[in-house]
Amino acid sequence: MAGANPRSAGPLSTHVRPKKKSMSDPSLIEEQTAYYRARVEEYDEWFLRVGRYDRGEQHRRQWTDELETIRTFISSSSPLGDTLEIACGTGLWTGHLAALAASLMALDSVEETIAVNRQKNAASQIDYIVADIFDWEPTHRFDTVFFGFWLSHVPPSHFEKFWAKVGNALKPQGKVIFADSLKAQRSTASDHHPLNDSGVVERRLNSGETFRIVKRFYEPRNLLTTLKEIGWDGVIHSTDEFFLYGAVQQSNKGERRS
Ligand SMILES: C[S@@+](CC[C@H](N)C(=O)[O-])C[C@H]1O[C@@H](n2cnc3c(N)ncnc32)[C@H](O)[C@@H]1O
């Protein structure tokens, strides 16, 4: 893991791809899933700031403190009641949610990811589902829906449908809690391109293999404005450098676009 630092790998710009994908290209979603499947074993390096994400102790401390702000925010929203975690990944948030929730269903499209999550949270009672969120339909309603570092991977073409699905998954007074990345250059791996607003990024694994995925960066104020337009309201904050996080509920007062 940390020992497999491939900093010697050349810059991404040397890797030639036959065709650039737009955010509306359906195969981009498939490539995104393939990326997370291939990244399972090294996924947590990003979170732990090791390997290609290691920018020194001071940076790691700041990162960890900012993550703690999100964890505290989630705790302050408890009790979470019956909770759905979308794109649960390797379980970096799942254990924390499980401790605060009456019940927890954790969904991810990648089976290998769920396996790591299950192992990490073996002591907790969690109902796991392997499903593509864009195809999945909720079977019952939840008090809380959480997604960490997922919204930025939802293409603009799927944004409204995604939020409508989340709305359908919630009980009437249910809330959404989420966290995601700000466009912070120091957050990405040292051998990745600088972050930009194109909405599509090239990601490299420790092996040197590259993938294109959706990565949209939001600012709290703009995101809240967008969400209000589709019937949500609440609060969205940012930490000093790396993250945004918030909680929203369906307002029923929003000016719906359609
Ligand atoms: C950036 S990771 C976030 C994981 C976790 N929430 C966290 O904060 O560490 C994105 C996750 O979304 C999952 N994913 C990708 N496409 C998906 C889809 N269409 N439906 C459900 N999960 C998906 C990936 O397998 C991956 O675990």
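Numbering (the working numbering), first residue to last: 1194 to 1451.
Glycine is no exception: its CB is placed at the ideal position from the N, C-alpha and C atoms.
Residue i versus residue j - alpha carbon distance
| i | j | result |
| --- | --- | --- |
| L1375 | T1262 | 14 Å |
| L1300 | A1357 | 17 Å |
| A1294 | T1257 | 23 Å |
| Y1152 | T1283 | Residue 1152 lies beyond the range of the chain shown here (1194 to 1451); nothing can be said about it. |
| Q1312 | H1252 | 29 Å |
| D1423 | L1417 | For clarity, residue 1423 is Ile in the given sequence; the question names Asp instead. Cα to Cα, I1423 sits roughly 10 Å from L1417. |
| Q1378 | V1441 | 27 Å |
| H1289 | E1223 | 29 Å |
| G1360 | N1415 | 20 Å |
| I1370 | D1426 | 12 Å |
| E1353 | S1400 | 35 Å |
| N1445 | S1383 | 44 Å |
| A1197 | D1390 | Residue placement at A1197 cannot be trusted, given a pLDDT of 29 that sits under 50; what the coordinates show is reported in the next sentence. Their Cα atoms are separated by approximately 30 Å. |
| E1278 | K1421 | 22 Å |
| P1365 | Q1443 | 8 Å |
| R1248 | E1238 | 12 Å |
| G1324 | E1330 | Looking at the sequence provided, one finds Ala at residue 1324 rather than Gly. Approximately 10 Å between the Cα atoms of the pair. |
Residue i vs residue j beta-carbon contact at 8 Å
| i | j | result |
| --- | --- | --- |
| A1372 | F1342 | yes |
| T1337 | T1276 | yes |
| M1298 | I1326 | no |
| N1314 | A1291 | yes |
| G1413 | H1386 | Note on residue identity: the sequence assigns Pro, not Gly, to residue 1413. Going by C-beta atoms, P1413 is not nearer than 8 Å to H1386. |
| Y1411 | L1437 | yes |
| Q1225 | V1407 | yes |
| E1259 | T1381 | no |
| V1229 | V1303 | The residue you asked about is not Val; residue 1229 is Tyr in the sequence shown. The answer is yes: Cβ separation under 8 Å. |
| V1233 | V1309 | yes |
| F1240 | L1285 | yes |
Local Cβ density within 10 Å of residue i, reported as buried at 16 or more and exposed below that
| i | result |
| --- | --- |
| R1254 | exposed |
| S1451 | Low per-residue confidence applies at S1451: pLDDT is 39, beneath 50, and the placement is therefore not dependable enough to give any value. |
| H1346 | buried |
| R1397 | buried |
| P1348 | buried |
| S1270 | exposed |
| T1332 | exposed |
Residue interval of the alpha helix (DSSP H) (run including residue i)
| i | result |
| --- | --- |
| T1257 | E1250 to S1269 |
| I1279 | Not the alpha helix (DSSP H): I1279 falls in the beta strand (DSSP E), residues G1274 to I1279. |
| K1358 | P1349 to A1362 |
| I1307 | E1304 to K1313 |
| G1288 | T1287 to L1293 |
| T1418 | P1413 to E1422 |
| F1327 | Run containing F1327: none; DSSP gives neither H nor E here. |
| F1240 | D1237 to L1241 |
Run of the beta strand (DSSP E) containing residue i, from where it starts to where it stops
| i | result |
| --- | --- |
| T1336 | The question names Thr, yet the displayed sequence has Asp at residue 1336. From DSSP, the beta strand (DSSP E) with D1336 extends over F1335 to G1341. |
| V1393 | V1393 to R1397 |
| W1425 | W1425 to S1431 |
| L1437 | F1436 to Q1443 |
| R1379 | Segment: none, R1379 is in no beta strand (DSSP E) and carries neither H nor E. |
| Y1321 | D1320 to V1323 |
Checklist entry - Residues near ligand 1, CB to any non-hydrogen atom under 5 Å, in chain order? => result T1226, Y1229, A1280, G1282, L1285, D1301, S1302, V1303, T1306, D1325, I1326, G1341 and F1342
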